[in-house]
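Structure, as structure tokens:
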Amino acid sequence: MKWKFVLNIDRIFFQHTGTEKLERLAREGWIVGKLRCGGFLFQLKKEEPKEVQYQLGFQPIPESNEAIPHPGQGWEVVDAIDCVQVYRAAPDAPPIEMNHEQLMEQIKQEEHLLRKYTLSLFIFLILSFVLHIIVGWALVEMILLGGIIMLLIAFLLFLALYILNRYRQHNLKEL
0 MKWKFVLNID RIFFQHTGTE KLERLAREGW IVGKLRCGGF LFQLKKEEPK EVQYQLGFQP
60 IPESNEAIPH PGQGWEVVDA IDCVQVYRAA PDAPPIEMNH EQLMEQIKQE EHLLRKYTLS
120 LFIFLILSFV LHIIVGWALV EMILLGGIIM LLIAFLLFLA LYILNRYRQH NLKEL
């Protein structure tokens, strides 16, 4: 059996794009089999060409005793991992209506933590910079300079994660 992997960029940004590519690949005989690497890759398997439609669902991670949400109306769950579900149906099936409120609440909690860590790192960065300017000892200045560089890298990383989180919230509101 042949396998093929396709990147799922929608996993990061919570957008419903990319299903057209999966539907085109299904017409060529590549059917979605599983999600891999935390939902960042689609694992496609070679079968006979089919005319199907796919839809991505973004729901919060279910508890261990809960089942994967099943939309019905001709849709079947292909696979689910973390907060991403892949559904498949015949081309004439009606679209699935999803409720994204729980996922939005989960992302807002992440935003609160990211904001707290980003502001804390920014304060430590400013304090380290001020100490570096005030202190006149060469050894302490070098240690503080290394700390400033590490804090700056951590601050930029958390700032990027915070911006990504805000972008994900914006995309969920648009769905």
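In terms of numbering that gives the first Met the number 0, the sequence shown has 80 at position 81, counting the first letter as 1, and numbering is strictly consecutive.
Ideal placement from N, C-alpha and C gives every residue a C-beta, glycine not left out.
If you're wondering where the values come from, they're calculated on a predicted model, not measured in any experiment.
Using beta-carbon positions only, say whether residue i and residue j come within less than 8 Å of one another.
i: Gly-32; j: Lys-20; result: no
i: Phe-154; j: Phe-128; result: no
i: Pro-94; j: Gln-58; result: no
i: Leu-124; j: Ile-152; result: no
i: Val-5; j: Leu-40; result: yes
i: Ser-89; j: Glu-75; result: Correcting the residue type first, residue 89 is Ala in the shown sequence and not Ser. The answer is no: Cβ separation not under 8 Å.
i: Arg-167; j: Ile-80; result: no
Under 6 Å Cβ to Cβ from residue i, same chain only, skipping five residues before and after it: list those, please.
i: Thr-117; result: Phe-157, Leu-158, Tyr-161
Grab me the residues of residue i's own chain with a C-beta within less than 7 Å of its C-beta, minus the 5 sequence neighbours each way, in chain order.
i: Leu-113; result: Phe-157, Leu-160, Tyr-161, Asn-164
Helix, strand or coil for residue i? Go by DSSP, reduced to three states.
i: Lys-172; result: helix
i: Val-77; result: strand
i: Ala-92; result: coil
i: Phe-57; result: strand
i: Gly-32; result: strand
Going straight from the alpha carbon of residue i to that of residue j, what length do you get?
i: Lys-115; j: Glu-27; result: 48 Å
i: Val-142; j: Val-134; result: As written in the sequence, residue 142 is Ile, which differs from the Val given in the question. So the alpha carbons of these two residues sit roughly 11 Å apart.
i: Gly-56; j: Trp-136; result: 58 Å
i: Gln-108; j: Glu-100; result: 12 Å
Which same chain residues, not among the five before or five after residue i, have their C-beta less than 8 Å away from its C-beta?
i: Leu-150; result: Leu-120, Phe-123, Leu-124, Ser-127
I'd like the ranges of any alpha helix (DSSP H) spanning at least 4 consecutive residues and lying wholly in the stretch 94-159.
100-133
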